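Numbering-wise (UniProt numbering), the sequence shown opens with residue 1 and increments by one. Heads up: the structure comes next, in structure tokens.
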Amino acid sequence: PATGLKVGYYDDKCPDAEKIVLDAVRNATAGIKAGLIRLFFHDCFVQGCDASVLLNKVAGKPDPEMLGIPNLSLRGFEVIDAAKRKIEEKCPGVVSCADIVAFAGRDASKILSGNKINFSMPAGRYDGSVSLKDETLPNLPPPFANLNTLTQMFAKKGLTQTDMVALSGAHSIGRSQCSSFRDRLQPPANDNSTMSMDATYAGKLTQDCPAGSDPTVPQDYKTPDVLDSQYYRNMKDRKVLFTSDAALMTSPKTKELVEKYTWWLIGDFLWYRHFEDAMVKMGNIEVKSSTNGQIRKKCGFVNEPYTG
């Protein structure tokens, strides 16, 4: 990649690094594994893939990314911290938190797909020291976004519509808060238009999402803990949660991709490859180097003294 990242970056410097991350991810629940993929996405879309999403609130500094509305439900921080602790024992000051987040997103994808998604993640990222809550909403695609908004938000990060449709397949796992899709449960939920939700599905979700509370439901009602192309089949059946999911059926180009990913036998394979490519591309967004980054000792805090 143009960013100077390379596969096997730690082979000489810290040969056990990737295995330590893999072991930490393996020990996590399916829900936390799903959270690790989302953590990688939310890190890369704000200030680039620099582990800025992991920085804790520090007195006297502006609120960090993790306090932004889209990040309040992030999960998996403890997996990253556990891997970092183990790695620091073996090779202190060598492996960045940003690379650990990227490896963890890759490993979670591999395990949740039953090893069908299997790719090398280039590394060599440095950790950033700027983390601002106010940068979360403008950069993270909201669940109510239409196709135009989504396309622009991904393009700003150097990602194509193909990358966007492929990465959306991560909604084949994980859970969502009812508040992220409640607006889609009201009629015209059942008017059979592209953007509306299947009436039976909307009815079931209405029961699962009682007024006055905000529980979570699985994103993919059929195979909730398997990262597969079922999400795209659900989309064709109008049984997806978000406006931003249904939006992928609203242009000829994105709809054609959704159709392809549901083809018998080869659809899965095509989606796995596109997803792998898009994950690597996402991992290249605004990467920091030794000149504008550091290797954090603890993932939640910038190294002190920091002389900016």
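For glycine and all other residues, C-beta sits at the position ideal for the given N, C-alpha and C. Keep in mind it's a predicted model, so treat the numbers as computed, not measured.
Mind checking whether L227 and I117 have CB atoms under 8 Å apart? Using a Cβ distance threshold of 8 Å, L227 and I117 count as a contacting pair.
Which of the three DSSP states, helix, strand or coil, is assigned to R38? When secondary structure is reduced to three states using DSSP, R38 falls in the helix class.
What does S176 pair with, by DSSP beta-bridge criteria? DSSP lists V217 as partners of S176.
Along the alpha helix (DSSP H) that carries D237, what are the first and last residues, could you check? No alpha helix (DSSP H) contains D237, which DSSP labels as neither H nor E.
So the candidates are D99, L54 and E78; which of them puts its Cα closest to the Cα of K6? Here the closest residue by C-alpha is D99.
Residue span of the alpha helix (DSSP H) that contains M282, given as start and end: Residues I266 to M282.
Less than 8 Å between the C-beta atoms of T136 and G212, yes or no? No, Cβ-Cβ distance for T136 and G212 is not below 8 Å.
Does the Cβ of M282 have 16 or more other Cβ atoms within 10 Å, making it buried, or fewer, making it exposed? Residue environment analysis places M282 among the buried positions, since at least 16 neighbouring C-beta atoms fall within 10 angstroms of its C-beta.
Comparing C-alpha positions only, which one of R238, Y232 and R296 sits nearest to E88? For the residues R238, Y232 and R296, the minimum Cα distance to E88 belongs to R296.
Secondary structure at F301, three-state DSSP: helix, strand or coil? Judged by DSSP in its simplified three-state form, F301 adopts strand.
Segment contact flag, the stretch 203-217 with the stretch 142-152, C-beta cutoff 8 Å, min 3 pairs: The stretch 203-217 vs the stretch 142-152: no contact.
Express the C-alpha separation of K260 and S229 in angstroms, rounding to a whole number. When the Cα atoms are used, S229 and K260 turn out to be separated by approximately 10 Å.
Quick one: residues in its chain with C-beta nearer than 6 Å to the C-beta of K255, no 5 flanking neighbours on either side, listed in chain order? M249.
The stretch 288-304 touching the stretch 166-186, judged by at least three CB pairs closer than 8 Å: Taking a cut-off of 8 Å on C-beta distances, the stretch 288-304 does not touch the stretch 166-186, as fewer than three cross pairs fall below it.
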